[in-house]
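Keeping their order, the protein sequence lines are chains Z and G.
Take any residue in the first sequence, note its place counting from 1, add 855, and you have its number in this note's numbering.
Take any residue in the second sequence, note its place counting from 1, add 855, and you have its number in this note's numbering.
Built from N, CA and C at the ideal position, the CB exists for glycine as well.
Working notes, beginning with the structure itself.
2 protein chains.
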Amino acid sequence: MKISTKGRYGLRSMIDLAINSSGNTPVFISDIAKRQHLSEKYLEHIFGALHKAGLVRSIRGRKGGYLLQKNPEEITLSEIITALEGKISLVECVLDPDICPSAKKCVTRDLWQGLSDKINEYLSSHTLNDLIQMQKSREQNDTLMYYI
Amino acid sequence: MKISTKGRYGLRSMIDLAINSSGNTPVFISDIAKRQHLSEKYLEHIFGALHKAGLVRSIRGRKGGYLLQKNPEEITLSEIITALEGKISLVECVLDPDICPSAKKCVTRDLWQGLSDKINEYLSSHTLNDLIQMQKSREQNDTLMYYI
DNA sequence: TATTATTTCTATCAAATTAATAGGAAATAA
DNA sequence: TTATTTCCTATTAATTTGATAGAAATAATA
């Protein structure tokens, strides 16, 4: 029961993108990769998925790059993780009961269903903006420390 | 973010074991495997892990088999899943911050920490007995239907 | 218009993890 | 002594994850 690197890297990159884009100037994948210590090529895949899910806007060509498609407070963490790891369900039968003949009467399925719901609830109740604000206040605290 | 077959099969087998053991008579792995449509050999491994975690008692030799080590209401689902999948944490750095140099200031780590806690909370608040009771009442309802 | 810098797309490879099988040793009751 | 069961150790198979390579598309720039 782990979040894959796609989900982890993607979430960090979305925060990075939000913090480092000023106005309508797109951010290069290569810059995000450098700052986050990630492979540029792998990050391309990740942004492909984010783009497909409508979370980022791409500008092709020279001086192109990526921008957030929506405001950070309108992007839930559930959207980001779903874009990168697929729908959140701890077992297949939660989404698709037909794959198992005993799904209807299976008590463990109900359990996994309930837990999957909790996870969804948690990730839906937090937005990208929450993480950005946390990050910013953390950075500010670091800076402030030099003045004390 | 999925529960592995070990966790899924193991949980179902624990319910099966609890329901099908009468008194101190141990239950054969081969019988559980048949009822749950699982490979006998694979199930041996799963019971090895459950045994190691102190959740089941084994009796070796002819007419041997397995018994629950504790009462079903004393076995949390968290214990079962942890025995089969290891400690519940969505990312490694939640359990071991030293593996990442930026763990201390990482906001996504805090997020995964929070979600892992929720999952643990959920699984700790349900016991094997809860599932057994659900299962039994479900079976009874099926039977009752014949009399209507 | 030609060139260059950049993203996007597709195909593929490598590594790691998970799932399952196999064979036989050890234990024990009949 | 035999049949039955758990236990132990390898090995193989399958799946998922992580990463790479290069061609195609596109927009800025010279």
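Item                                                                                                      : Value
Identity of the residues DSSP links to G/V911 by a beta bridge                                            : G/L923
Residue from G/K857, G/I870, G/K861, G/R863 whose Cα sits closest to the Cα of G/T982                     : G/I870
DSSP beta-bridge partners of Z/V882                                                                       : Z/Y921
Within chain Z, the residues that G/Y977 reaches when beta carbons sit closer than 7 Å                    : L970, K973
Minimum C-alpha distance to G/L922 - residue among G/I936, G/T931, G/F902                                 : G/F902
Cβ-based neighbour list, G/P881, same chain, cut-off 7 Å, excluding 5 preceding and 5 following           : I914, G919, G920, Y921, L922
Interface residues of chain Z facing G/V962 [CB-CB closer than 8 Å]                                       : I870, L986, M989, Q990, R993
Min CB distance G/R915 to chain Z below 8 Å                                                               : no
Residues bridged to Z/T982 [DSSP beta-bridge criterion]                                                   : Z/T931
Reduced DSSP category for Z/H892 - H, G, I as helix; E, B as strand; rest coil                            : coil
Selection from G/K959, G/S859, G/I884 that minimises the alpha carbon distance to G/S868                  : G/I884
Chain Z contact for G/V946 (CB, 8 Å cutoff)                                                               : yes
Option in Z/K959, Z/I936, Z/N984 with minimal Cα separation from Z/E976                                   : Z/I936
Positions along the region 864 to 893 of chain Z whose CB lies within less than 8 Å of some CB in chain G : L866, R867, I870
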